[in-house]
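Some notes on the structure that comes next.
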Amino acid sequence: MLLQRERSEASCLRIDMLSLEFRRGWPFKGVILPARAVPGLPANTKRQHELQLWALAARTDGMGDRYETTYAGLLQRLTAEGYLTGEAGARVPRILECDPQAIAHAAHEFVRWIIRRGRLNVVQGGLEPAGGALVAADGSRGLRFVLPALSLKEPGLLRPTLDPSLGPPPELSAPETWRLFNRISCEMLTSVRRAADVRAVTNGLLDLSRELLAVPAALFSARNLPIPGGIARGPQALILGSGAEVTAGAAASADHSTTLPPVWNEWIRRAAESPDSSLLLHDFARLPAERRPAGEGSAVLLPLAAQDPTWTGVLAAVSDRREWFDEERLARARLLLAHVRRTVTYAMQLQSVVSLDFLTGAYNRGFFEDQVLRTLAGATRRHQSFALLIIDIDDFKVFNTRLGYDAGDAVLRSIAQALRRTLRSTDVLARYGGEEFAAILAPPVSASEARQIGERLREAAANAAVAVPNLAGERQGVTVTVSVGGALFPGDGRVRDELWSQANQMLLAAKNAGKNRVCFPSSTPSSDAS
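Its first residue numbered -3, the sequence shown is counted upward by one per residue in my numbering.
What follows is the structure, given as structure tokens:
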């Protein structure tokens, strides 16, 4: 319920967590909302979710009215006083339905948003860091607002909400947003194959992130996507740490497919744990030394997940300046989030049409050839090694001739599934043709590691439980084996044809040695089966 008092009333009135203090003879004009009536705020809300709001009249004798309220009460007061109008004011009812932490973050962002527009002046504290203690005043109206610092479990770490309808709206107008998103999107959609290339699409989104948030670097890490463990755009030193060697041209803009440093992997893991909120590292210097991604700077990490849980990821925008992500850039990050999620999901769906083999779900030959050239270029530039494998199902024609073509299809699907489960998330598996598969073992990989992975692939096929229909329509279990031939870049070849020829020769060697074997150059065919 609403509570009003006549301007002549004295003494002190307290309701739940809200107290109202009058000075005798001093007029008070206003409507106070008791804490228990604030939507979305339980009556037992802890003290750290409260906020002191001071309303001081423009009097030289220092007399004035003071009352305490909640963050929800502050947002209502800012709206009632006309500080929040239009789209900003329309967001307040939605915010008041959220949990106290989201309301507190929104209140801090809105007060700073009003200050930047010249409606309030800073009396104590400052606009940075985000969530820090702040006193702001409107001298023309005799109002002063006192915001205590948000309670932080860890120094330098905040978790602003990701809901684009919460917090201040971005200054970027709708036409400006459309032109920016449309330009980057058109670059990503120059062809159907490019639009289905998740890695190329991701690079385009990283460029969009850097431009929209005015940061030099951005990185993306995901699970269940056909991209390396980490993709980054920007200065290597900012992504890999101050000790990283910057290659020629990298300081301006570079595409790094990289294994991210452990410190970044840890922050990415933590960001992914809270899909409804971002992870704001507003000043690296305030973090413990062992947990700083770089010597100086700030970053915001945005967890991403498809509507259907087929993939998850984290997008991070990284600045070399401390406290770079103010409420405007956070609003833009929220705006970006839905676009990134939707674009990657569409790329995955399109890829399933143009890049995947319909029968087995592995990549098709065209996609594989493109990935070989990409991997070659990247490995050459970074002086890394990778492996090319050819995997052939032994005696495959027997399944077709004795049990029928449906049985052959079932064998192909089962073996493809077994191979995919065995390979690393950064590797690429394709059905090259007929009963032949090909794989790229992503760099960096050593000769011994490549051979071990080849052995695991052979074992996975041999141990797969394959059930196929026979000509009588009944299902029966069959044993399937594969032979594997491999070649390593750059030792066994520096161009695509050299690597393929070497791997094909090794496949023939494995077949001639009795099948169900793995063979690499300068090695003898191996198998656990005798």
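Each residue gets a CB set at the ideal place from its N, CA and C atoms; glycine is no exception.
For V476, the three-state DSSP class (helix, strand or coil): coil
Exercise for review: Take L153 and list the residues in its own chain whose beta-carbon comes closer than 6 Å to its own, dropping the five residues that flank it on each side.
Suggested key: Closer than 6 Å at Cβ, skipping near neighbours: no residue.
If distances are taken between C-alpha atoms only, which option among R155, A457, L208 comes closest to F392?
A457
Short of 8 Å in beta carbon distance, which residues of its chain neighbour V119, apart from the five on each side in sequence? Order them along the chain.
V131, A132, A133, R140
field: Own chain residues within Cβ distance below 6 Å of P299, not counting five before or after
entry: A267, A268, P271, V310
Note to self: According to DSSP, simplified to helix, strand and coil, what is P555?
What the structure shows: Because the chain in this structure spans residues -3 to 526, residue 555 falls outside the shown range and cannot be described.
State the DSSP-derived secondary structure class of Q120, mapped to helix, strand or coil. Of the three classes helix, strand and coil, the one that applies to Q120 here is strand, per DSSP.
Have a look at G450, T397, T306 and flag the residue whose alpha-carbon is nearest the alpha-carbon of G415. First, the residue type needs correcting, since residue 415 is Leu and not Gly in the sequence shown. Each of G450, T397, T306 was checked against the Cα of L415, and the nearest Cα belongs to G450.
Practice prompt. Would you give the residue range spanned by the beta strand (DSSP E) that T308 belongs to?
Written response: 308 to 315
| message | Going by DSSP in three states, F516 sits in which element: helix, strand or coil? | response | Secondary structure of F516 (DSSP, three-state): coil.
Output the boundary residues of the alpha helix (DSSP H) element that contains G362.
361 to 378
*asked:* Please classify V514 as buried or exposed, where buried requires at least 16 other C-beta atoms within 10 Å of its C-beta.
replied: So V514 ends up on the buried side.
Practice item. Return the bridge partner residues of E432 from the DSSP annotation. Key: BP columns for E432 point to D388, G429.
- Query: Terminal residues of the continuous beta strand (DSSP E) containing L276?
  - Reply: 275 to 277
* **Rounded C-alpha distance that separates D251 from L372** => Unreliable positioning characterises D251 in this predicted model, as indicated by a pLDDT of 47, which lies under 50. A coordinate reading is not provided.
* Is R471 buried or exposed, if buried means 16 or more other CB atoms sit within 10 Å of its CB? -> Note on R471: under 16 other CB atoms within 10 angstroms of its CB, so exposed under the neighbour-count rule.
Taking 8 Å as the threshold, find out whether the region 473 to 491 comes into contact with the region 502 to 511 through three or more Cβ pairs. Taking 8 Å as the limit for Cβ pairs, the verdict is that the region 502 to 511 does touch the region 473 to 491.
*What is the C-beta distance between I436 and L484, in whole angstroms, given that I count them as a contact (C-beta under 8 Å)?*
About 12 Å; that fails the 8 Å criterion.
Around the C-beta of N512, are 16 or more other C-beta atoms found within 10 angstroms, so that it is buried, or is it exposed? buried
Tell me whether the beta-carbon of R208 lies closer than 8 Å to the beta-carbon of R328. Residue identity differs from the one stated: residue 208 is Leu in this sequence, not Arg. The answer is yes: Cβ separation under 8 Å.
Assuming contact is defined by CB atoms lying nearer than 8 Å, are S161 and R90 in contact in what I supplied?
yes
- Would a C-beta distance cut-off of 8 Å place A312 and A295 closer than the cut-off? Yes. Within cutoff.
> Apart from the five residues just before and just after A103, which ones in its own chain have a Cβ nearer than 6 Å to its Cβ?
Replying inline: Y67, L70, L71
- Locate the alpha helix (DSSP H) running through V407, then write down its first and last residues. 401 to 418
I'd like to know whether the C-beta atoms of S205 and L297 end up nearer to each other than 8 Å. Annotated as distal: S205 and L297, with beta-carbon spacing of 8 Å or more.
> Pick from E431, S442, R452, P151: whose alpha carbon is nearest that of P284?
Replying inline: From the listed residues E431, S442, R452, P151, the smallest Cα separation to P284 is found for P151.
**Report entry** Under the three-state DSSP convention, the category A98 falls into
**Finding:** In the structure shown, the three-state DSSP call for A98 is helix.
Next item on the list: Could you please give the first and the last residue of the uninterrupted alpha helix (DSSP H) stretch that includes R155?
Entry: No residue range can be given for R155, since it is assigned to no alpha helix (DSSP H) and is classified by DSSP as neither H nor E.
Checklist entry - How long is the line joining the alpha carbons of Y428 and A463, rounded to whole angstroms? => result 23 Å
Quick check: is any heavy atom of the ligand SAH less than 7 Å from the C-beta of R287?
With respect to small molecules bound, the structure shown includes none, and the ligand SAH cannot be examined in it.
Quick check on W320: buried or exposed, where buried means 16 or more other Cβ atoms within 10 Å of its Cβ? buried
query = Exposed or buried, which one is S217 when buried takes at least 16 other CB atoms within 10 Å?
reply = buried
Using three-state DSSP, classify D203 as helix, strand or coil.
helix
Margin query: For S444, list the residues DSSP reports as bridge partners.
Written below: DSSP lists no partner for S444.
- Message: Contact criterion: CB-CB distance below 8 Å. Does N178 meet it with respect to chain D?
- Response: Protein chains in the displayed structure number just one, and chain D is not present.
Worksheet item: Counting along the chain, where does the alpha helix (DSSP H) carrying I264 start and finish?
Response: 258 to 268
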